[in-house]
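12 is the number of the first residue of the sequence shown in our numbering; add one for each residue after it. Reading through the structure tokens given below for one structure.
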Amino acid sequence: MRLRGRKNNFRETLELQQDLVVLEPQQLKGRWREFFGNDNPIHIECGMGKGQFISRMSGNNPHINYIGMDIYDELLIRGSEKARALWKNEKGVNEVPNLALARGNVEFLDKMFDPGELERIYLNFSDPWPKSKHGKRRLTHPRFLMKYKQALNEIGEIHFKTDSLSLFEFSLNSFSAIEYQMRNISLDLHRNGIRDDLVLTEYETKFVGQGMPIYRLEAVIGEKIQQEHRRLVAEDLEEQFRRGTMKDPESEDE
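Written out as structure tokens, the structure reads:
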């Protein structure tokens with residue numbers, strides 16, 4: 012959604028918020044921990060919209076550094092307003108120490124982050140680009156997934172949510188095609204009531220209120236977390252065999 016206003020006014024407003032807004036993120040490539048002033052993990056939302064999700068996440072998890080990225084100045088302004096209001100109301104301060112709002116395009120993610128500089132990427136309600144000819148623009152197209160893998164560290168993950176069934180199907184195939192392991196796949200995330208353990212976006216709140224299903228998955232990308240995921244899966248299968256809830260195919264008669 013585009014907001015009404017004058018671009019020059021947007022730019023002036025953003026330039027006065029250097030504590031929160033990063034207009035040239037490529038200049039911080041490899042130095043994001045200097046911006047935050049600590050070595051905490053860095054999570055990014057690619058396409059943050061009006062900023063409800065990333066603002067709430069920063070407030071809920073002060074031990075994690077967050078980056079909300081979007082290409083529109085007016086959305087960065089909305090995001091800064093939400094973040095400062097939240098921290099003012101809940102923390103009593105007008106600063107947001109663990110959040111940066113970056114003006115940037117996912118196409119150039121490799122220009123903004125060194126390999127392994129990120130720990131988690133959130134893709135929330137990205138444009139589905141429904142026409143087949145626009146498939147390469149979808150943020151879960153393999154060409155983007157490879158960019159994400161490069162930026163993520165050894166325990167890196169991608170958390171993906173959408174209201175578009177066609178995009179979700181496309182994304183499942185994309186993750187599978189390049190052999191990314193997936194977990195916590197849901198075809199109706201809030202079927203039993205709104206998940207209070209997850210932060211909702213503006214779109215998500217609207218769609219859930221209309222009774223629409225939300226599709227979600229987590230992809231484990233980093234080598235270390237993939238090993239841990241495989242270990243947990245193996246332990247779960249072993250436990251199922253032990254309890255007799257799953258048959259061992261080797262023990263079945265031919």
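Heads up, the beta-carbon is just placed ideally off N, CA and C, and yes, glycines get one too.
Top-ranked residue by Cα proximity to residue i, from the options
i	options	result
residue 214	191, 192, 173	173
residue 234	211, 35, 192	192
residue 187	217, 231, 165	231
residue 38	160, 125, 177	125
residue 69	226, 249, 101	101
Euclidean distance between Cα positions of residue i and residue j
i	j	result
residue 73	residue 98	11 Å
residue 113	residue 75	16 Å
residue 46	residue 109	10 Å
residue 190	residue 105	44 Å
residue 223	residue 202	10 Å
residue 122	residue 52	19 Å
residue 20	residue 210	31 Å
residue 23	residue 138	28 Å
residue 41	residue 144	35 Å
residue 119	residue 253	49 Å
Beta-carbon spacing of residue i, residue j below 9 Å
i	j	result
residue 196	residue 150	no
residue 163	residue 127	yes
residue 116	residue 56	no
residue 200	residue 206	yes
residue 175	residue 152	no
residue 8	residue 91	Summary: the structure shown does not reach residue 8, with the chain confined to residues 12 through 265, and so no result is reported for it.
Residues near residue i by beta carbon distance below 6 Å, same chain, minus five either side
i	result
residue 66	93, 94, 97
residue 33	111, 113
Same chain, Cβ closer than 8 Å to residue i, neighbours up to 5 away in sequence not counted
i	result
residue 237	192, 231
List, from N- to C-terminal side, the alpha helix (DSSP H) runs of 4 residues or more that fit wholly inside the segment 165-241. Look at the segment 165-241 and you find these whole runs of alpha helix (DSSP H), each 4 residues long or longer: 176-188, 213-220.
Length-filtered (3 minimum) beta strand (DSSP E) runs lying within the segment 77-142: Unbroken beta strand (DSSP E) stretches of 3 residues or longer found wholly inside the segment 77-142: 110-114, 129-135, given in chain order.
Complete runs of the alpha helix (DSSP H) confined to the segment 19-79 [at least 4 residues]: List check, alpha helix (DSSP H) in window: 43-47, 63-71.
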